[in-house]
């Protein structure tokens, strides 16, 4: 049977940690040696020492035990750096993995899912840390105690082992219920994140609608549901009662019930009874209790959370290409009867669209919203694949291109401008990381960013998370300067100037056109069309392409749009 | 170097991400946790009762065990001793289980309460609150910081139980033989010293750790806003590296938490067994002298195990620290006073035509004065376009009307009543907003439109959508108005029209359109403008205008310049002024 995805994920992230794990295991064995010896030495100290009237011998046995504990403590001291050496790199690689996966995934989760991603990676660190620290220690002690008991008295050890095995059986039998209920806890916690994100991110709208109560109720419902799930999970933990009875209490009672017969038969001494009781109380009992309490919850949490993370990082990773990637001969773009729909049920957004965009063209795409302008941008940049028809770049179909080469050849600047926490320079040089200051100056001047740049305080000024005081227009200027700097021969502006004043828009668009290469403008204003060599009008009834003047004659809709703009 | 505006600014609370004082943070957390615990008294009572029973049964167990061992040693019948032992073991187990259940009930209620309060306060803090607590930070506090304190009741009671068990065990040792208690007393002071050192210093790395973790979450949320750029740019790997930039600091804090735990743990690991050996040695000598029985020696070993169980306090303290830090991070939000506070004695807003007045209004954001002693009167029933170069505070001005933000000085009046004196819900029923990018609130398209008016009928919602030219595309969605938002493929322009529909449904006396048609391309705007004329007719409206055509349609233009109203006049009159025309041509950015 294949291991569950969570276990495989853990194994993958622990690979390379083998030596650290082995060292940890070795120190754990050393750490549990004193527990193993404790009962044996105690029995000797009593039987051969204190009870035999030789206190010196008793003290000597105890001193030997003390020495063993000193070695054990040294082992404990050495365990912590090993723990950190396993757990911290694990967190690093897990966080790196899930962050990367969440960026690569085609359908990313909403804000909530995103925040959960890092938290779940974090939870794995905390849980594994605790597991390695406590569960490891106590389980080792439990095993050492059973081994010690076996050396003292084999029949007793057998009785105890059977009882403990029964306890573990009961525990295992109810594990399914516990896993289900714990999963519900995690799921509800995610819902809190999702509903919370919608409200927190839409706070301005909530306040403006005076809908604070409603928003609080929505998030509140998921908060209460999670609390109830926590309680249901707690109820499933009642199974600990029989487990404790079988795993801890019954063995102790069995020891004392069997002892008189064993002593009479000469197979056990008083000192050995004391030693055996010591094993059960200080060795086995904490181990079982921990397994039932923390261990159960801990392993469950680990399993459930690792499973969730495995789902996230198992998203469609960029697949390695089998064929040698083709090289485009030019930047000519050709669409041949392209049809695209967002789902099989939905009406197609683009239907049988054919279009030739020779290298160096300045094309404007106009039309009412909902006619597939943004979809066209996605198709041209290879972000979505049409159901029918082909898109070629320099005669090579986009799917046959090496993705990296496609990204180098085509730059898309979407309407929602992406400005991130970092310096202005990092934001501008996003698509040309080695851009010189002179190049930055040129780009800033060309698109009209210079004023904003002065206000911000130059290229090294920091932009805080969320963009800080930058207006929407300023953000768009930054992304336009970014596109200007991009080495790609094809630039697609998807309403990337909608927050600019018409004059600023004209300046930026003209700068982009003067930069050379192909410029495709998904037009926000009809004025963009007047500046372009070619205009593509998308409408519910179909697509028409031509020059501005040709379309004025050909299309009444186009003429109406131009007329409205001029009014 | 002039930096971009720091969130907060001069005299404002610390910027997000600045490390709060860990001691204060924990003290604040403790106060909040106490208040939370008081709210779940009945379950706390049951928790305490179960713990008490468990402690008593646990303390009685070694006595019973000792008796049984003595019976075995002397060859007496073991029946009654075993029955007694079984009884105390059973009581201990049942009480222990009850403790777990009661603890979970208390803990889940405490966390839920913290979360309810946090959400409530974030909603009260409103728009200005986002400067200090950005969405990623709030979500980290809601999901992570608030969940830790669920362990608080159990941990707190377990501290008391551990202390009681330790004390009881020491007393029991003394009752078996006074020398045993004396021997134990020698081992305790070192343990106390070690624990105190730890508690005093441990908070810092843990708080650092949570802060760096929140920094990563914030960056990741940011990147997801720009996911299309990232995917089209093929820059996912570089983005990941940027998001993960706080990782080394996180790792560093992580290593420090382990180091802190390690320094204490090995000393405790040594302390406990050595103490046990000491007790056994003393008990063994007394056994040789006949002062105690073998059963009592076994009992003494048990009691010593219990007494050194105080070492487990170490883990409990770590857990309590985490609870306090988590609750402290919730309290940080609760302690923040809303910048837009409701009036203590709200004045009713009588029906009125919707006359707006701005009196001597000053707004500073960070250290920048955006509006400077601005005066403006908007006559009732008129449409006013707010015109100004980018960055002159058009959005800030219109935000004042519905108190999305408050001015530092001056006041805003609606029909002669200061808006600050009106209860916010009442004010916001009188002032409706439509934004450039409406948030996706509610479950379905219907919900989104009716978010502010859940009682609206389907016909009302449909009429509002028609007004905003949205009805047609909504009906084309898979399930029409009932299409879930996460499955409705909405373009920016379509979303904006849903926002307009929401404002139309509000039927308020003042309508504020803050860039609400900016995402509409020329073609769609043509449709929406016609529809909006009906909505705006005979209603006071403030429209942030970027296009001359929008300004031309308004009755009056309020020309915003240098933090004040430069002119209030019809567009046609102003158009002759070249400086006015320059506003529409100006590149964004002040100083341009």
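Protein chains in written order, with my numbering: chain G, 73 to 639; chain C, 2 to 593.
Ideal placement from N, C-alpha and C gives every residue a C-beta, glycine not left out.
Just the Cα atoms here: how many angstroms apart are residue i and residue j?
i                     : j                     : result
residue 501 (chain G) : residue 516 (chain G) : 11 Å
residue 172 (chain G) : residue 268 (chain G) : 24 Å
residue 490 (chain G) : residue 568 (chain G) : 11 Å
residue 598 (chain C) : residue 434 (chain G) : Residue coverage of chain C in this structure runs from 2 to 593, which leaves residue 598 (chain C) outside it and unanswerable.
residue 106 (chain C) : residue 260 (chain C) : 34 Å
residue 468 (chain G) : residue 483 (chain G) : 17 Å
residue 499 (chain G) : residue 150 (chain G) : 45 Å
residue 251 (chain C) : residue 215 (chain C) : 10 Å
residue 130 (chain G) : residue 138 (chain G) : 12 Å
residue 487 (chain C) : residue 211 (chain G) : 47 Å
residue 167 (chain G) : residue 533 (chain G) : 28 Å
residue 576 (chain G) : residue 435 (chain C) : 25 Å
residue 345 (chain C) : residue 420 (chain C) : 13 Å
residue 29 (chain C)  : residue 271 (chain C) : 35 Å
residue 428 (chain C) : residue 493 (chain G) : 36 Å
Near residue i, which residues of its chain fall below 7 Å by C-beta distance, leaving aside the five closest residues on each side in sequence?
i                     : result
residue 151 (chain C) : 108, 109, 111 and 112
residue 545 (chain C) : 387, 395, 396, 399, 514, 515 and 516
residue 274 (chain G) : none
residue 224 (chain C) : 231, 240 and 244
residue 481 (chain G) : 400, 403, 465, 560, 561 and 562
residue 177 (chain C) : 293, 297, 300 and 301
residue 104 (chain C) : 48, 154 and 155
For residue i, which residues does DSSP report across the bridge?
i                     : result
residue 408 (chain G) : G:462
residue 445 (chain C) : C:485
residue 359 (chain C) : C:377 and C:413
residue 168 (chain G) : In DSSP, residue 168 (chain G) forms no bridge with anything.
residue 617 (chain G) : G:608
residue 434 (chain C) : C:513
residue 560 (chain C) : C:388 and C:568
Give the DSSP-derived three-state secondary structure of residue i in the structure shown.
i                     : result
residue 543 (chain C) : strand
residue 389 (chain G) : Because the pLDDT at residue 389 (chain G) is just 48, under 50, the model does not fix this residue reliably, and the point stays unresolved.
residue 544 (chain G) : helix
residue 533 (chain G) : coil
residue 516 (chain G) : helix
residue 502 (chain C) : helix
residue 434 (chain G) : strand
residue 173 (chain C) : helix
residue 423 (chain G) : strand
residue 228 (chain C) : helix
residue 372 (chain C) : strand
residue 233 (chain G) : helix
residue 341 (chain C) : coil
Only counting the same chain, and skipping five residues up and downstream in sequence, which positions put a Cβ closer than 8 Å to that of residue i?
i                     : result
residue 266 (chain C) : 315
residue 376 (chain G) : 78, 251, 254, 255 and 258
residue 128 (chain C) : 341, 400, 405 and 406
In its own chain, which residues sit with a C-beta less than 6 Å from the C-beta of residue i, not counting the 5 before and 5 after it?
i                     : result
residue 134 (chain G) : 117
residue 160 (chain C) : 317
residue 169 (chain C) : 60
residue 304 (chain G) : 253
residue 624 (chain C) : The structure shown does not extend to residue 624 (chain C), since chain C is modelled only from 2 through 593, so no value can be given for it.
residue 358 (chain G) : 210
Just by C-beta distance, which residues in the region 108-131 of chain G are closer than 9 Å to chain C? Here the close residues are 110, 114, 117, 118, 121, 122, 123, 124, 125, 126, 127, 130 and 131.
Chain-ordered residues of the region 287-307 of chain C with a beta carbon less than 7 Å from chain G: Of all residues in the region 287-307 of chain C, 288, 289, 295, 298, 299, 302, 303 and 306 have a Cβ within less than 7 Å of some Cβ in chain G.
For the region 382-396 of chain C, which residues have a CB atom closer than 9 Å to at least one CB atom of chain D, in sequence order? Considering every chain present, this structure includes no chain D. Its protein chains are G and C.
Chain-ordered residues of the region 220-233 of chain C with a beta carbon less than 9 Å from chain G: Those would be 220, 221, 222, 223, 224, 225, 226, 227, 228, 229, 230, 231, 232 and 233, in chain order.
Using a Cβ-Cβ cut-off of less than 9 Å, list which residues of the region 260-283 of chain G approach chain C; keep chain order. 261, 262, 264, 265, 268, 269, 270, 271, 272, 273, 274, 275, 276, 277, 278, 279, 280, 281, 282 and 283
Residues of the region 147-163 of chain G with Cβ closer than 9 Å to any Cβ of chain C, in chain order: Of all residues in the region 147-163 of chain G, only 147, 148, 149, 150, 151, 152, 153, 155, 156, 159, 160, 161 and 163 come within less than 9 Å of chain C when Cβ atoms are compared, listed by chain position.
To be precise: take each residue of the region 291-311 of chain G, compare its Cβ to all Cβ atoms of chain C, and keep it if any distance is under 8 Å. Which residues remain? 291, 292, 295, 296, 298, 299, 300, 302, 303, 305, 306, 307, 309 and 310
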